[in-house]
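Here the structure is laid out as structure tokens; the discussion comes afterwards.
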Amino acid sequence: MKFSQMLHVDTFVCYMLFSQRLFIFTSNTFLYGVVKK
Numbered sequence: 007m008k009f010s011q012m013l014h015v016d017t018f019v020c021y022m023l024f025s026q027r028l029f030i031f032t033s034n035t036f037l038y039g040v041v042k043k
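Numbering (the numbering used here), first residue to last: 7 to 43.
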């Protein structure tokens, strides 16, 4: 496995984790707003 491929995979994993956290954060905020109403 080439170093550039490893770097690409690492970036992909970081992006996946970030998008997952962002999705959880936004859904939690949305649910919180709905419950507060």
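Glycine included, every Cβ here is placed at the ideal spot set by N, Cα and C.
Can you list, in chain order, the residues of its chain whose CB lies under 6 Å from that of residue i, leaving out five sequence neighbours each side?
i: H14; result: none
i: M22; result: none
Spatial neighbours of residue i within its chain, please: CB distance less than 8 Å, with the 5 preceding and 5 following residues excluded, ordered by chain position.
i: I30; result: none
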